[in-house]
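K.L.:
If you read the protein sequences in the order shown, they are chains A and B. The first sequence begins at 1 in the working numbering and counts up one residue at a time. The second sequence begins at 1 in the working numbering and counts up one residue at a time. Even for Gly, the Cβ is constructed at its ideal location relative to N, Cα and C. Because the structure is a prediction, the values reported are computed rather than measured. Quick one: structure below, then a few questions.
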Amino acid sequence: DTAVSQTPKYLVTQMGNDKSIKCEQNLGHDTMYWYKQDSKKFLKIMFSYNNKELIINETVPNRFSPKSPDKAHLNLHINSLELGDSAVYFCASSQDPLADTQYFGPGTRLTVL
Amino acid sequence: AQSVTQLDSHVSVSEGTPVLLRCNYSSSYSPSLFWYVQHPNKGLQLLLKYTSAATLVKGINGFEAEFKKSETSFHLTKPSAHMSDAAEYFCVVTNQAGTALIFGKGTTLSVSS
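Below you can see the structure in the form of structure tokens.
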């Protein structure tokens, strides 16, 4: 009955590799988000999609590319991984872009060696 | 630009004593304000939210927060701490468009027996 799920939970990889993190929500929400939490626990929004369309794209390197195959899924693909990409990535969803309550997934801890 | 300042990075209390986590915000508009909690190695959970209705907001697990416009504050309180309250707490504000969340840097709450 998980509302927002992410896979994998942990991801350890080498610099230069390409990896993807998947997110799925079963809440019937129209809007999904990706957040990055750094080593100091600071959370910042990266992307937001509404009905499969990108509506927020913060200052994120082009190596990060979100993809939304349908409203229930928002995947994050990262090319040419760098040490600084090590963080916890959270997916979230909300009823619509202006809905203030967001529901978060459990997070994916990415470690780049 | 909107911002959120959590005045304490770490708060320690004894079980059964009151909890006060302080948050000030800066905004040129009337934002929605939230408190989220993150337990160790878990995702974020909404504790409570303020959306221009009653200034005293009650949340889950006995927490409440009071919106004070004159002081631009939204402090989180609980009358009696429980061991299970030990976690990271984030004060959050919406951006001006209302389409994204802006997080404070978090306050770590420790509860001792």
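Give the residues of chain B in contact with Thr101 of chain A, contact being defined as C-beta atoms less than 7 Å apart.
P.N.:
Neighbours of Thr101 of chain A on chain B, chain order: Leu46, Lys49.
K.L.:
If you draw a straight line from the alpha carbon of Lys52 of chain A to that of Asp30 of chain A, how long is it in whole angstroms?
P.N.:
Answer to the nearest angstrom: the Cα atoms are 8 Å apart.
K.L.:
CA-CA distance, Lys42 of chain B and Gly107 of chain A?
P.N.:
7 Å
K.L.:
Is Val93 of chain B near Ser12 of chain B, with beta carbons less than 8 Å apart?
P.N.:
no
K.L.:
Measuring straight from C-alpha to C-alpha, what distance separates Ala81 of chain B and Ala54 of chain B?
P.N.:
24 Å
K.L.:
Pull up the CB-CB distance for Ser9 of chain B and Thr107 of chain B, whole angstroms please, since I reckon it's below 8 Å.
P.N.:
Thr107 of chain B and Ser9 of chain B do touch by the CB rule: their CB atoms are close to 6 Å apart, below 8 Å.
K.L.:
Strictly below 7 Å CB to CB, what residues from chain B border Gly107 of chain A?
P.N.:
Ordered by position in chain B, the residues that pass the 7 Å Cβ test against Gly107 of chain A are Gly43.
K.L.:
Would you please verify whether the beta carbon of Phe64 of chain A is less than 8 Å from any beta carbon of chain B?
P.N.:
no
K.L.:
Of the residues that make up the stretch 82 to 95 of chain B, which ones have a beta carbon closer than 9 Å to any beta carbon in chain A?
P.N.:
Glu88, Phe90, Val92, Thr94, Asn95
K.L.:
State buried or exposed for Lys40 of chain A, treating a residue as buried only when at least 16 other CB atoms are found within 10 Å of its CB.
P.N.:
exposed
K.L.:
State buried or exposed for Ile60 of chain B, treating a residue as buried only when at least 16 other CB atoms are found within 10 Å of its CB.
P.N.:
exposed
K.L.:
Indicate whether at least one CB of chain B lies closer than 8 Å to the CB of Ser48 of chain A.
P.N.:
yes
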